[in-house]
Each structure stands twice: as structure tokens, then as C-alpha cells.
Amino acid sequence: LASFAVHVPSGLQARNSLAAKPPMGWMSWELFRCDVNCSVDNQKCISEWLYQSQADAMVADGYLKAGYSGIHIDDCWMHQNPGRDNTTGELFPNSDRFPSGMKALGDFFHERGVGFGLYSAESPATCAGFPASAGHEFQDAMTFANWGVDYMKMDGCGDQAYYEKGYHVMGSALEASGRPITYSCSWPAYIGDNESTKPFGEFIMDGCNLWRNWNDIDCSWNSLSSIIDHWG
21 LASFAVHVPS
31 GLQARNSLAA
41 KPPMGWMSWE
51 LFRCDVNCSV
61 DNQKCISEWL
71 YQSQADAMVA
81 DGYLKAGYSG
91 IHIDDCWMHQ
101 NPGRDNTTGE
111 LFPNSDRFPS
121 GMKALGDFFH
131 ERGVGFGLYS
141 AESPATCAGF
151 PASAGHEFQD
161 AMTFANWGVD
171 YMKMDGCGDQ
181 AYYEKGYHVM
191 GSALEASGRP
201 ITYSCSWPAY
211 IGDNESTKPF
221 GEFIMDGCNL
231 WRNWNDIDCS
241 WNSLSSIIDH
251 WG
């Protein structure tokens, strides 16, 4: 049993009551990363079929009843070249891998009582090189809200000088979208390994409901133990 603590200045309050308890669910990045080759098996690549099958399995196998309530679509869902709609400027999904669109996929989740998690980044491009949200925060927040997104993972990848502004703007944009969207900020993971120097109070004021602090987890004991050692 291990316990971890970080210093958060007293007197700070979250902007909302979302994620009062740690969210639990399934996130694709740990296993599938950015596998966009659907020619072999479209349920083992970043596609609507993968996420539909995982949502059905979450319900059928009892995970939803146990409290694992969300499916999270990570990087590589976006269309590339163009990265945004030429008329509206909105992000849109790869039409070969998400032919039904994101609103329909979100509806699929919600019909089963499963939350809809999605990914973007506070940088010009995502970690895998897909279009991201820097400079488009309010537009993207409204797009995500219109799709029915419940949980937003906002990564970094490439523009650390913008993070202090960008994460704050996206927090305000999500709040203004009219939909309660849990805001997961990856900002802390990109500003060093010394947890005692990170501005956790600033993350709260920027609207972050939770945040990632260190390396991605892989499907191995070495990965898990390295994270435990970092915090221990």
C-alpha cells in the first residue's frame, strides 16, 4: 500500500464538482497507441468499431456496474490534410475509421450508460502529429459539447511556452460550452520530474479537474513500478 501527496495551496476551490472522485474507465492509448491500420482487424485499430466493442464489453462483463464508467478515445481520431473543415474550421474525425461521426459514437456510448471521453492537445499538433486545439479552444470546446463529450483529455506535445495560456483558455472554453465536461490536463507531465515545484494551485484555477503528472503507463510491471518509484 502506498500513499502519495502533493501540495495544493489552501483556500483554493475547483470551478465545479466534476470528478470529485477519481474517474474510472477504459483508455485506448495504453494498448493501441496510434494504430490506424484497420485493414487487418477494424476492432484492433483506432476506429469506431474498436470503441463500440469496448463499450459493449464494459457493460456485458460487469465493468460498468463496478464503476468503470467511461470509454476514452485517445490520439489519432482526427482527420489529416485538411485537419479542419475548410468552411467551418471545425475538427472532424477520420471518415474511414469513424464513418458514423463522433456524435453518433457518443450516442452509442450514452445509450449504454457509458461516458464519452475524447482527446486533443494544447499545441498545434497532437503527440502523433494530428491537428490539435491550440488557438481553437472555444471553437473546439463547442464542437466537443455538441458531440456529447463528457471527459476531455488535453495533452501537450510541442509548445510548452503556450501551456500556461492554453490550458487556462481551454478551461474557460469548456466551462462556457454549456455542457459539464471533466477536464483532464496533461500539462504537469511536461514540466519536469520535481513534483514539489509544480503549480498545482494554478492547475485548479485553470479549471483542471485532474491531471497527469508523469510518464505514460505501459502494459508491463517495469512501467507500473517506475511510476510507483517516482511518487514513492
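Taking the working numbering, I'd label the letters of the sequence shown as residues 21 to 252.
A virtual CB, placed ideally from N, CA and C, is assigned to each residue, including glycine.
What number of angstroms, rounded off, separates the C-alpha of residue i from the C-alpha of residue j?
i, j, result
"S240", "W251", "18 Å"
"G178", "Y210", "10 Å"
"L21", "I248", "For L21, the pLDDT reaches just 36, beneath the cut-off of 50, and the residue's location in the model is therefore unreliable, although a value from the coordinates is still provided. So the alpha carbons of these two residues sit roughly 10 Å apart."
"Y124", "N166", "A quick correction: the sequence has Ala, not Tyr, at residue 124. Using only the alpha carbons, I get a separation of about 11 Å."
"G186", "E142", "6 Å"
"Q100", "W69", "20 Å"
"F129", "S120", "13 Å"
"L244", "P42", "18 Å"
"S246", "C54", "23 Å"
"M174", "G87", "23 Å"
"F24", "A34", "Since pLDDT at F24 reaches only 42, below the 50 mark, its modelled position is unreliable, and the value read off the structure follows with that caveat. In a straight line, the C-alpha of F24 is about 20 Å away from that of A34."
"L230", "W97", "23 Å"
"Y83", "I91", "11 Å"
"C228", "D213", "19 Å"
"C147", "Y183", "14 Å"
"D76", "E50", "19 Å"
"T163", "S89", "22 Å"
"T217", "A181", "17 Å"
"F52", "M122", "19 Å"
"N106", "S115", "15 Å"
"Y71", "C65", "9 Å"
"A145", "L194", "19 Å"
"S197", "D81", "34 Å"
"D238", "K85", "26 Å"
"N242", "L138", "27 Å"
"N36", "P102", "35 Å"
Does the beta-carbon distance from residue i to residue j come in below 8 Å?
i, j, result
"V134", "M78", "yes"
"M190", "E215", "no"
"M44", "D94", "no"
"P151", "R199", "no"
"Y171", "S204", "yes"
"G176", "S153", "no"
"F136", "G149", "no"
"F14", "S73", "Outside the displayed range of the chain (21 to 252) lies residue 14, so it cannot be described from this structure."
"P208", "N235", "no"
"T202", "A39", "yes"
Let me check one thing: in DSSP terms, what residues is residue i bridge-paired to?
i, result
"C205", "M174 and W231"
"S140", "M174"
"A145", "P151"
"L111", "R104"
"H92", "M47 and G137"
"M98", "P113"
Rounded to whole angstroms, how far is the Cβ of residue i from the Cβ of residue j, which I believe are closer than 8 Å?
i, j, result
"D226", "H188", "4 Å"
So, is the C-beta of residue i closer than 8 Å to a C-beta in chain B?
i, result
"N242", "No chain B appears in the structure shown, which is made up of a single protein chain."
Requested in this report: Report yes or no: do the stretch 59-66 and the stretch 99-112 share at least 3 C-beta pairs separated by less than 8 Å?
Outcome: Counting C-beta pairs closer than 8 Å gives fewer than three between the stretch 59-66 and the stretch 99-112, which falls short of the contact rule.
Query - Inter-stretch contact (C-beta, 8 Å, three-pair minimum) for the stretch 221-228 and the stretch 41-59 - result: Segment contact: the stretch 221-228 against the stretch 41-59, fewer than three CB-CB distances shorter than 8 Å; contact not assigned.
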